[in-house]
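Participant: The sequence shown maps to residues 58 to 623 in the working numbering. Built from N, CA and C at the ideal position, the CB exists for glycine as well. This structure is a prediction, so every number in the text was calculated from the model and none was measured. Right, I'll just put the structure down here and ask away after.
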Amino acid sequence: MHRLPVLVAAVLALAACERAPAPVPRPAAEAPDPGPARRIEADVRFLADDLLEGRETGTRGYDLAALYVAQRFAAIGLEPAGEDGGWYQTVPLLKAIRVREGARLAIRRDGRTVELAFAEQYLPGLNYHAQEHRLEAPAVFVGQGVHAPELGHDDFAGADVRGRIAVLFSGAPARFSNDERAYHASTRRKLEVLSERGAVGVVFLNSAEDEARAPWARAAANWDKPGMRLRGADGGGIDTFPQLQASASVSAAAADALFAGTPHTAARLYAAVQAGRARAFELPGTLLLAGRTTLERLDSRNVVGRLRGSGGARAGEHVVYTAHLDHVGIGAAVEGDAIYNGALDNALGVAILLEAAHILRTTPNPPKRSMLFVALTAEEKGLLGAEWFVREPTVPRSSLVANINLDMPVLLAPSRDVVPIGVEHSTLAPLVRQAAQELGLPLSPDPFPEEVVFVRSDQYAFVRAGIPAVYLDGGILPARAPQPGQPMPAPTPANDPRLALRDFLRRCYHQPCDDTRLPIQYADAARLARLNARIGVLAGNVAERPKWNQGDFFGERFGRAAPRAR
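Here it is, written out as structure tokens:
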């Protein structure tokens, strides 16, 4: 990994190549501009270095990263737009860590008690309301816990979960549209529905399909990693669903234990869920869920900079660029490496945001609306930095007109396109298409819509607040287009971006190998920064604020929460 002298050299090079913030004059003799790709690479190498220990929220490493980004904002020439005239917005958090001692998941049935093994077969959920909990109650299987009568689907039909523990699989019906599935598959939505219907606990069952994407052993090895929630003025957690007194997750291998003594197996139930044939039913006996949690208050920081608009009244409105600065920190060692550096996730996204800010700061004709650049904390803990920012923005909430988010652009093989996720929901679509056309970039659809990433990154906090958003991701088309009569090389992760993405998700997502040894395509990152900046110019100059498309799924649900122009 990169040692400190290299980091210092990178920082000095960056300081030399950026415009100093007014009114400090630029030096008479400047080092040559190393170019966009080199600037992005220098930022990634610093943010993903072992020195920052994986940038987990609430750690020294994250605070170093926040300081670095604030200094980069200043060097670019942005103005502070955080609290009290500074670069930072404090994000109050409640930190929870599960304790092994006292944890139990027991199945009591027909006079027998079956205990599942901690970590090997189950993990207790974090409890943000009590340091110790114990719940014994009857259980009911409810499919995927989806209540969507408007779509002709109700996993709770014929079942009463009041006072019971709900047992369910993740996801949402395959027949739903991508947007509908994304919304109903979110854990937050499931917990809302369970709380509203009176459940007192929940057990999430893993499927073999879940564990093909994220092996149970990975979660089990990191069972002591902290979770977090936003902290309210009373010191308690926000959106923590106190009605649900206990929760747990069960591995696919152990899921059959919950259905022992019934005619069902977990595999057959999951197949029925996928086919839309699953029906709710009560489980015999009771489930006992117990656990202990250590709770701690802590504060983290968003980093906020602004480029003022040039358009009179419209300069009081803001297009918000976001990229999360945190990653998952230090965890279980893999091949001797315990630092989860997060080079793609999301040092690269932050570096592209910084380059977009540089482009916009140096453009001869700045956009009429102001541009806000926010490096967010606690995305990995549940989009918490973004959630806090839209709750308590450092500029008037009514001034937020659109969000452009960058998260984990997987640029590991040369590509020629960009994937704008969620663009179809709002009038940002023609602006994105225009910007891409001007730069000669094809736009490709989300290659893996089943991953429902539109609700899994920071733009979703803006969407829930009614603010139109788009999430820019790396391309999937090889840089070399097929030529008539010329053979194409066999596709590999080195030359096919789609295969590179699959390979990264399988091997290195949230793993120590997400580091700067990956073959990151910095020229493609620079191209994405240019597109990012151009979208901001167009969104900043368009006469009408971006709005949700008529009848849009997310617009119908959240559009009423949108901040209004004053």
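Got a sec? Which residues, its chain only, sit under 6 Å from residue 127 by beta carbon, not counting five neighbours each side?
Facilitator: 144 and 360
Participant: Relative to the C-alpha of residue 506, which candidate in 557, 96, 563 and 233 has its C-alpha closest?
Facilitator: Closest option to residue 506, Cα to Cα, is 233.
Participant: Give the secondary structure of residue 509 by DSSP, where H, G and I count as helix, E and B as strand, and everything else as coil.
Facilitator: Residue 509 falls in the coil class under three-state DSSP.
Participant: Closest to residue 317 by C-alpha separation, out of 382, 509, 472 and 163, would be which residue?
Facilitator: 163
Participant: Tell me, to the nearest whole angstrom, how far the beta carbon of residue 534 is from that of residue 591; I am working on the premise that it is less than 8 Å.
Facilitator: Between residue 534 and residue 591 a beta carbon distance of about 20 Å is seen, past the 8 Å cut, so the two are scored as non-contacting.
Participant: How is residue 160 classed by DSSP in three states: helix, strand or coil?
Facilitator: strand
Participant: So residue 387 is in the beta strand (DSSP E); what residue range does that whole segment cover?
Facilitator: 386 to 391
Participant: Can you grab the Cα-Cα spacing for the pair residue 136 / residue 363, in whole Å?
Facilitator: 5 Å
Participant: Under the assumption that residue 588 contacts residue 496 (Cβ atoms under 8 Å), give the Cβ distance between them as a whole number of angstroms.
Facilitator: 6 Å
Participant: Could you please give the first and the last residue of the uninterrupted alpha helix (DSSP H) stretch that includes residue 406?
Facilitator: 406 to 419 is the span of the alpha helix (DSSP H), which, as asked, contains residue 406.
Participant: Residue 610 by DSSP, collapsed to three states: which one?
Facilitator: helix
Participant: Relative to the alpha-carbon of residue 243, which residue among 286, 508, 409 and 260 has its alpha-carbon at the smallest distance?
Facilitator: 508
Participant: Should residue 639 be labelled buried (16 or more other beta-carbon atoms within 10 Å of its own) or exposed?
Facilitator: The first residue shown for the chain is 58 and the last is 623, placing residue 639 beyond what the model contains.
Participant: Along the chain, which unbroken stretches of the beta strand (DSSP E) at least 3 residues long are found entirely within the region 419 to 489?
Facilitator: 427 to 433, 457 to 463 and 475 to 478
Participant: Which residues does DSSP pair with residue 526 in a beta bridge?
Facilitator: 460
Participant: Given that a residue counts as buried once 16 or more other Cβ atoms are within 10 Å of its Cβ, and exposed if not, what is residue 442?
Facilitator: Burial call: buried.
Participant: Please report the distance separating the alpha-carbon of residue 423 from that of residue 555.
Facilitator: Rounded to whole angstroms, the separation of the alpha carbons of residue 555 and residue 423 is 35 Å.
Participant: Name the DSSP beta bridge partners of residue 359, please?
Facilitator: Bridge partners of residue 359 according to DSSP: 146.
Participant: Ends of the alpha helix (DSSP H) at residue 114?
Facilitator: That residue, residue 114, is in no alpha helix (DSSP H); it is neither H nor E in DSSP.
Participant: Mapping DSSP to helix, strand and coil, what is residue 218?
Facilitator: coil
Participant: Within the chosen definition, does the region 208 to 220 reach the region 173 to 185 through at least 3 CB pairs nearer than 8 Å?
Facilitator: no
Participant: Residue 98 and residue 579 look like a contact to me (Cβ under 8 Å); what is the Cβ gap, rounded to whole Å?
Facilitator: Contact flag correct, Cβ pair sits at about 5 Å.
Participant: Assess, as a yes-or-no matter, whether the region 344 to 351 is touched by the region 302 to 318 under the definition of 3 or more beta carbon pairs within less than 8 Å.
Facilitator: Short answer: they touch.
Participant: Report all residues from its chain with a CB closer than 8 Å to the CB of residue 393; omit the five preceding and five following residues, and keep chain order.
Facilitator: none
Participant: Check each candidate in 389, 344 and 513 and name the one with the smallest Cα separation from residue 224.
Facilitator: Distances from the alpha-carbon of residue 224 to those of 389, 344 and 513 put 344 closest.
Participant: For residue 465, collect the residues of the same chain with a Cβ closer than 7 Å to its Cβ; drop the 5 residues on either side in sequence, then sort them by chain order.
Facilitator: 401, 402, 403 and 406
Participant: Apart from the five residues on each side of it in sequence, which residues of its chain come closer than 7 Å, Cβ to Cβ, to residue 236?
Facilitator: Cβ within range, chain order: 610 and 611.
Participant: Bridge partners for residue 285 per DSSP, in chain order?
Facilitator: According to DSSP, which records beta bridges pairwise, residue 285 is partnered with 152.
Participant: Which one of 211, 311, 109 and 390 has the shortest CA to CA distance from residue 570?
Facilitator: 390
Participant: Classify residue 618: buried if its beta carbon has 16 or more other beta carbons within 10 angstroms, exposed otherwise.
Facilitator: exposed
Participant: State yes or no: is the C-beta of residue 198 within less than 8 Å of the C-beta of residue 338?
Facilitator: Yes, the pair counts as a contact, with Cβ atoms nearer than the cut-off.
Participant: Is the distance from the Cβ of residue 526 to the Cβ of residue 462 below 8 Å?
Facilitator: Against a cut-off of 8 Å, the Cβ pair of residue 462 and residue 526 comes out as a contact.
Participant: Comparing C-alpha positions only, which one of 325, 562, 327 and 295 sits nearest to residue 448?
Facilitator: 295
Participant: Between the beta-carbon of residue 529 and the beta-carbon of residue 467, is there less than 8 Å?
Facilitator: no
Participant: Count the other CB atoms within 10 Å of the CB of residue 545; is the residue buried (16 or more) or exposed (fewer)?
Facilitator: exposed
Participant: Kindly give me the distance between the Cβ atoms of residue 536 and residue 471, rounded to whole angstroms, as I take these residues to be in contact under 8 Å.
Facilitator: 4 Å
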